[in-house]
Amino acid sequence: MKTFFFTILIAISVHYSNGQSEKPEDNAANKTILEAEEEVYYDDELQRLVAEPNARLLSGNVLLTADRIEYDRNQSEALAFGKVILSDGIIRLLAHKIRINLESGDFNATKVKAGIHPWAISSQEITRSKSTINAIDSSLYVLGKEDNEPNINIENLSLDQNSRALQANGVSIKIGDQWVGRLPSFSGKAQKNHLEYNLTAGKKNNLGWYLGTGKRWELNPTFDVKTDLKVYSERGLLLSPGLEWNHENSRSHYYGNFESGWINDQGDDLGNDIRGTAIDNRRYYLKSYTINRLNENWRIAAQFEKEEDSEVFRDFQRERFADYQWNDSFGEIAYEGKNWSLSSLTRWQANKHESTIEQMPNIRFDLFPTPWIESKIYNSVAFEFSAFRQKDHWGDLLQKSNKFDLAYKLIRPIKIQNGLIYSPHITYRRQDYSLNGPDASRSFGEWGNEIRYELTGDYDWKNPTWKIDQVRHIMGFSISHRKTKRLSQSRESLIPKIDDPLTNLNLGPIDLMDQMEADGLEAYEVVRVGWENELLTRNENHSRSLASLDFYQDIHHSRTSNTNQNKEFFTNISLRPAYWISFNGQSKIDTTQRGVIRNSFSVWITDGTINDIEVGYYKYLKFADQWRLSGSHQWDEDIMVKGLISYEAETEEIPYWQTAVEYKSSPMWTWIFSLAGRKGTTKENETEFSLSTRLFAF
Numbered sequence: 034m035k036t037f038f039f040t041i042l043i044a045i046s047v048h049y050s051n052g053q054s055e056k057p058e059d060n061a062a063n064k065t066i067l068e069a070e071e072e073v074y075y076d077d078e079l080q081r082l083v084a085e086p087n088a089r090l091l092s093g094n095v096l097l098t099a100d101r102i103e104y105d106r107n108q109s110e111a112l113a114f115g116k117v118i119l120s121d122g123i124i125r126l127l128a129h130k131i132r133i134n135l136e137s138g139d140f141n142a143t144k145v146k147a148g149i150h151p152w153a154i155s156s157q158e159i160t161r162s163k164s165t166i167n168a169i170d171s172s173l174y175v176l177g178k179e180d181n182e183p184n185i186n187i188e189n190l191s192l193d194q195n196s197r198a199l200q201a202n203g204v205s206i207k208i209g210d211q212w213v214g215r216l217p218s219f220s221g222k223a224q225k226n227h228l229e230y231n232l233t234a235g236k237k238n239n240l241g242w243y244l245g246t247g248k249r250w251e252l253n254p255t256f257d258v259k260t261d262l263k264v265y266s267e268r269g270l271l272l273s274p275g276l277e278w279n280h281e282n283s284r285s286h287y288y289g290n291f292e293s294g295w296i297n298d299q300g301d302d303l304g305n306d307i308r309g310t311a312i313d314n315r316r317y318y319l320k321s322y323t324i325n326r327l328n329e330n331w332r333i334a335a336q337f338e339k340e341e342d343s344e345v346f347r348d349f350q351r352e353r354f355a356d357y358q359w360n361d362s363f364g365e366i367a368y369e370g371k372n373w374s375l376s377s378l379t380r381w382q383a384n385k386h387e388s389t390i391e392q393m394p395n396i397r398f399d400l401f402p403t404p405w406i407e408s409k410i411y412n413s414v415a416f417e418f419s420a421f422r423q424k425d426h427w428g429d430l431l432q433k434s435n436k437f438d439l440a441y442k443l444i445r446p447i448k449i450q451n452g453l454i455y456s457p458h459i460t461y462r463r464q465d466y467s468l469n470g471p472d473a474s475r476s477f478g479e480w481g482n483e484i485r486y487e488l489t490g491d492y493d494w495k496n497p498t499w500k501i502d503q504v505r506h507i508m509g510f511s512i513s514h515r516k517t518k519r520l521s522q523s524r525e526s527l528i529p530k531i532d533d534p535l536t537n538l539n540l541g542p543i544d545l546m547d548q549m550e551a552d553g554l555e556a557y558e559v560v561r562v563g564w565e566n567e568l569l570t571r572n573e574n575h576s577r578s579l580a581s582l583d584f585y586q587d588i589h590h591s592r593t594s595n596t597n598q599n600k601e602f603f604t605n606i607s608l609r610p611a612y613w614i615s616f617n618g619q620s621k622i623d624t625t626q627r628g629v630i631r632n633s634f635s636v637w638i639t640d641g642t643i644n645d646i647e648v649g650y651y652k653y654l655k656f657a658d659q660w661r662l663s664g665s666h667q668w669d670e671d672i673m674v675k676g677l678i679s680y681e682a683e684t685e686e687i688p689y690w691q692t693a694v695e696y697k698s699s700p701m702w703t704w705i706f707s708l709a710g711r712k713g714t715t716k717e718n719e720t721e722f723s724l725s726t727r728l729f730a731f
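For the sequence shown, this note's numbering begins at 34 and goes up steadily by one.
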């Protein structure tokens with residue numbers, strides 16, 4: 034083997050795959066090494082050094098290997114043929130032929146393959162000139178090209194390595210070498226995960242066969258834009274553009290999203306909405322949410338949910354409908370001080386088909402428990418102004434009121450001995466209502482007492498399997514008494530019951546100051562006992578809850594109206610001994626009427642990779658008690674089986690069941706077979722078969 038050494042100045046390092054260009058420092062000591070398996074010779078006709086076979090050229094960080102390499106020392110240019118591999122220590126580029134200028138870094142390569150795991154690109158030709166890379170007739174794959182593999186074909190792809198600007202024209206989808214469809218051209222900044230494409234297909238009973246494509250790209254590190262397009266054989270074209278933003282630094286955090294759906298519905302019978310009104314074929318939905326922490330004090334939040342009719346989201350987003358059955362539109366700005374907060378909220382009726390209690394606006398000030406004039410007495414203040422407008426599901430105003438609500442509380446905790454604390458308090462609350470006719474007002478006073486006894490115990494118990502490092506048991510006993518009396522009232526019977534609570538499925542408040550939805554407020558007296566337990570363990574520098582068990586019982590409850598004097602029993606249990614198992618349960622019982630308000634529990638177990646199972650039970654008020662079982666099993670590397678079934682014990686019916694099999698036939702093909710049944714609703718009383726495929730998502 035013969036080797037020639039040439040001193041050369043290197044100023045190029047081409048980063049094609051990740052769109053970056055970095056130039057090494059000039060170093061006169063850098064050398065170009067050209068060698069071959071047999072010999073390196075000078076060709077007088079070509080006026081170049083020639084190395085073959087199995088030639089190798091090393092120049093700084095650049096390593097070039099091929100069957101044959103021709104090197105022009107005067108032009109600082111190399112020409113390689115056959116099984117070409119170009120590497121600079123970061124990327125690896127394969128080609129049939131390449132011409133590269135070692136000074137400028139410009140090159141021209143044919144029949145190129147390159148990529149970063151798991152993505153691979155195959156191009157007929159790639160050139161680089163003045164930091165701009167152009168690729169002609171390129172195909173993008175996952176892992177590598179296989180028969181009948183879906184891929185994205187791009188006629189012309191341009192990347193400016195300095196500005197990171199990316200431009201793609203002539204974008205199409207292919208299955209193997211067969212053309213399937215065309216996608217829009219795109220442009221943007223080359224960033225990590227800056228672009229995603231997906232293609233789905235399947236069938237739904239209420240919508241027919243469908244074919245969909247989607248595109249998501251990153252405008253910058255803060256903003257992502259996406260567009261989904263689905264064509265339904267029986268309903269038409271659904272366009273769903275969206276936007277998401279997320280920005281965070283040490284002092285602030287901004288997050289939000291926007292999604293929408295638009296369709297000119299071509300269904301033969303669209304039916305009626307929840308009000309019995311015929312559904313128009315021009316249908317859409319808009320949903321947006323944002324929460325922003327400007328600094329440690331200021332917070333802004335907003336939500337907007339608009340639907341053309343009550344059924345549009347249910348029809349086209351059935352899998353997500355359970356989480357969007359009640360829409361809410363509001364905007365809020367709040368300032369949070371060290372021990373106080375001030376907020377302004379506006380809630381309005383965005384959908385006329387949904388009855389809404391508008392708040393135009395709601396202004397609230399809270400002073401949290403604060404020492405009063407450097408004493409051991411703590412005072413709290415809550416003030417609220419609300420302009421309520423109650424509207425029905427036609428958008429008509431039913432009733433309205435303007436309410437001023439002020440509450441002031443004084444509490445004096447007294448430590449007696451060994452964890453025993455006695456906390457007496459007094460509270461004053463006044464409500465003034467501005468109505469269409471005569472105004473109304475009332476005031477209340479509360480005398481409260483609470484005795485609490487708390488114990489702790491530490492146990493040197495360790496279990497590496499369950500990651501338990503010592504255990505602390507905290508136990509508390511409490512008995513609370515609240516007696517509320519009406520101090521004054523003026524035309525109280527005129528107060529409309531707009532801001533009135535629904536049934537509380539959790540432990541209800543007993544403090545006068547904590548009665549939030551209080552248009553129906555009246556004098557009451559409650560005596561409640563409680564027993565609380567929690568087990569903690571150490572988790573590095575933090576504590577982790579292993580289990581908790583709480584019991585509360587009202588032993589006395591009376592009201593002025595002699596109605597709603599129910600004595601509540603509430604218990605909550607939570608077991609979290611390890612990350613792979615948990616149990617949660619709640620129960621609330623009206624011990625006066627002996628009625629169940631809530632019974633629920635759930636058990637979740639996973640082995641981490643293969644099996645996942647959850648069992649749940651729910652019973653709320655008069656709704657049928659329902660059992661639910663769901664689980665998944667990873668059959669092998671390519672097949673996953675999922676299932677879910679609900680059972681109502683009282684009616685002995687199965688309102689919902691589903692089974693699904695996901696089969697990954699290749700790195701880019703995932704087939705989903707699903708069979709589901711719904712019973713008991715007018716819209717989904719059916720059995721549905723769905724066969725779909727996720728072709729790719731870059």
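The C-beta atom is built at its ideal place from N, Cα and C for all residues, glycine as well.
Between residue i and the rest of its own chain, which residues show a CB-CB distance below 6 Å, the 5 nearest in sequence each way excluded?
{"i": "GLU647", "result": "TRP637 and SER663"}
{"i": "ILE484", "result": "TYR455 and ILE512"}
{"i": "ARG215", "result": "SER205"}
{"i": "ALA62", "result": "Here ALA62 scores only 44 on pLDDT, less than 50, and its place in the model should not be relied on; the value that follows carries that caveat. So no residue of the chain qualifies."}
{"i": "LEU375", "result": "TYR368 and PHE398"}
{"i": "ILE159", "result": "ALA142, VAL145 and ALA168"}
{"i": "ASN632", "result": "SER620 and LYS652"}
{"i": "TRP373", "result": "LEU400"}
{"i": "HIS129", "result": "THR143 and LYS144"}
{"i": "SER707", "result": "ALA693 and SER723"}
Taking C-beta to C-beta, are residue i and residue j nearer than 7 Å?
{"i": "ASP298", "j": "ASN314", "result": "yes"}
{"i": "THR570", "j": "ASP640", "result": "no"}
{"i": "LYS433", "j": "THR389", "result": "no"}
{"i": "GLY618", "j": "ILE606", "result": "yes"}
{"i": "ASP121", "j": "ASN87", "result": "no"}
{"i": "PHE510", "j": "TRP564", "result": "yes"}
{"i": "LEU439", "j": "ILE410", "result": "no"}
{"i": "ALA580", "j": "LEU535", "result": "no"}
Taking the continuous alpha helix (DSSP H) assigned at residue i, which residues delimit it?
{"i": "ASP105", "result": "Premise fails: ASP105 lies in the beta strand (DSSP E), 101 to 105, not in any alpha helix (DSSP H)."}
{"i": "ARG422", "result": "Taken as a continuous stretch (DSSP letters only), ARG422 belongs to no alpha helix (DSSP H), being part of the beta strand (DSSP E) at 411 to 424."}
{"i": "PHE346", "result": "345 to 349"}
What's the call for residue i, buried or exposed, on a 16-neighbour Cβ count within 10 Å?
{"i": "ASN279", "result": "exposed"}
{"i": "GLY541", "result": "buried"}
{"i": "TYR492", "result": "exposed"}
{"i": "THR403", "result": "exposed"}
{"i": "ALA355", "result": "exposed"}
{"i": "GLY28", "result": "No statement about residue 28 is possible, as the shown extent of the chain runs from 34 to 731 and does not include it."}
{"i": "ASP669", "result": "exposed"}
{"i": "GLY241", "result": "exposed"}
{"i": "ARG353", "result": "exposed"}
{"i": "ALA473", "result": "buried"}
{"i": "THR596", "result": "exposed"}
How close, in whole Å, do the beta carbons of residue i and residue j come, if the pair is a contact with beta carbons under 8 Å?
{"i": "ASN189", "j": "ILE169", "result": "6 Å"}
{"i": "ARG561", "j": "GLN586", "result": "7 Å"}
{"i": "PHE114", "j": "ARG101", "result": "5 Å"}
{"i": "LEU545", "j": "THR460", "result": "5 Å"}
{"i": "SER521", "j": "SER476", "result": "5 Å"}
{"i": "SER321", "j": "PHE346", "result": "Not confirmed; about 14 Å, so no contact."}
Which two residues bound the contiguous beta strand (DSSP E) that contains residue i?
{"i": "GLU110", "result": "110 to 120"}
{"i": "ASP76", "result": "72 to 76"}
{"i": "HIS514", "result": "501 to 523"}
{"i": "GLU352", "result": "Where GLU352 is concerned, there is no enclosing beta strand (DSSP E), given that its DSSP letter is neither H nor E."}
{"i": "LYS495", "result": "473 to 496"}
{"i": "HIS590", "result": "575 to 592"}
{"i": "SER285", "result": "No beta strand (DSSP E) holds SER285; DSSP gives it neither H nor E."}
Spatial neighbours of residue i within its chain, please: C-beta separation below 7 Å, excluding the five flanking residues on both sides.
{"i": "ILE687", "result": "ILE678, SER679, TYR680 and LYS712"}
{"i": "LEU468", "result": "SER434 and LEU527"}
Whose C-beta lies closer than 8 Å to the C-beta of residue i among residues of the same chain, with five residues either side of it excluded?
{"i": "ARG326", "result": "SER285, HIS286, TYR287 and ARG332"}
{"i": "GLY275", "result": "VAL258, LYS259, THR260, ASP261, ASN290, PHE291, GLU292 and SER293"}
{"i": "HIS426", "result": "ILE307, ARG308, LYS385, HIS386, GLU387 and SER388"}
So, is the C-beta of residue i closer than 7 Å to a C-beta in chain B?
{"i": "PRO534", "result": "In the structure shown, chain B does not exist; there is a single protein chain."}
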